[in-house]
Amino acid sequence: MSSRKPAILLAEDNKANQIISKAMIEATGASVEIAENGVEVLQHLQEKSFYLVLLDCQMPVMDGFEAVEKIRALEDQALATIPVVALTADAQSDTRDACLEKGMNDFLTKPFTIDQIALMISKWTAEK
1 MSSRKPAILL AEDNKANQII SKAMIEATGA SVEIAENGVE VLQHLQEKSF YLVLLDCQMP
61 VMDGFEAVEK IRALEDQALA TIPVVALTAD AQSDTRDACL EKGMNDFLTK PFTIDQIALM
121 ISKWTAEK
């Protein structure tokens with residue numbers, strides 16, 4: 001990773017998961033902002049530059065599947081191609097396939113460990 005802290009956007013509606021995930025992400029040396037639903041994700045992406053979006057699949061207002069479709073349809077190519085990692089408690093292979101088909105770049109099953117999130121952040125921010 002570069003010497004600059006990579007900015008990560010965490011989309012998670014569960015308050016306990018927000019606290020735990022934020023602490024793990026910050027422990028990797030990244031900075032993190034939280035969105036509680038897909039609508040907030042789109043707002044954050046328009047306001048600030050992020051290296052990576054960690055996107056919960058099941059959220060109120062706009063879920064992760066709809067949010068990634070909207071991200072991929074954005075006219076700004078930098079935003080439309082931002083790496084998006086699905087976060088879900090559903091570890092079934094058809095859920096993983098659905099995430100990738102919708103336009104997500106990768107998949108992480110909750111609950112995840114600090115090592116798993118660090119590896120995912122490193123994987124998707126290493127080239128920036």
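Using the numbering used here, the first residue of the sequence shown is number 1, and each one after it goes up by one.
Here a beta-carbon is modelled for each residue, glycine too, at the ideal position from N, C-alpha and C.
Being a predicted model, the structure only gives us computed values, none of them experimental.
- Message: Assuming contact is defined by CB atoms lying nearer than 7 Å, are residue 78 and residue 110 in contact in what I supplied?
- Response: Within the sequence shown, the letter at position 78 stands for residue 78. Within the sequence shown, the letter at position 110 stands for residue 110. No, the Cβ-Cβ distance between residue 78 and residue 110 is not below 7 Å.
- Query: For residue 82, which of helix, strand or coil comes out of DSSP?
  - Reply: Residue 82 sits at position 82 when you count from the first residue of the sequence shown. Three-state result, residue 82: coil.
- Beta carbon of residue 53 nearer than 7 Å to that of residue 104: As a working note, residue 53 is residue 53 in the sequence shown. As a working note, residue 104 is residue 104 in the sequence shown. For residue 53 and residue 104, no; Cβs fall outside 7 Å.
- First through last residue of the alpha helix (DSSP H) which encompasses residue 11: Counting from one through the sequence shown, the residue named residue 11 turns up at place 11. Looking at the DSSP string, residue 11 is not in any alpha helix (DSSP H); the run it does join, the beta strand (DSSP E), is 7-11.
- Among 84, 13, 126, 125, which one has its Cα closest to the Cα of residue 61? Working through the sequence shown from its first residue, we reach residue 61 at position 61. The shortest C-alpha separation from residue 61 is found at 13.
- Task: With DSSP collapsed to three states, give me the class of residue 115.
- Result: Against the sequence shown, residue 115 aligns to sequence position 115. Looking at residue 115 - three-state DSSP - the assignment turns out to be helix.
- Task: Assign residue 2 to one of two classes, buried (16 or more other C-beta atoms within 10 Å of its C-beta) or exposed (fewer than that).
- Result: To locate residue 2, count along the sequence shown from 1; it is residue 2. Unreliable placement is indicated for residue 2, whose pLDDT of 45 sits below 50; no coordinate value is reported for it.
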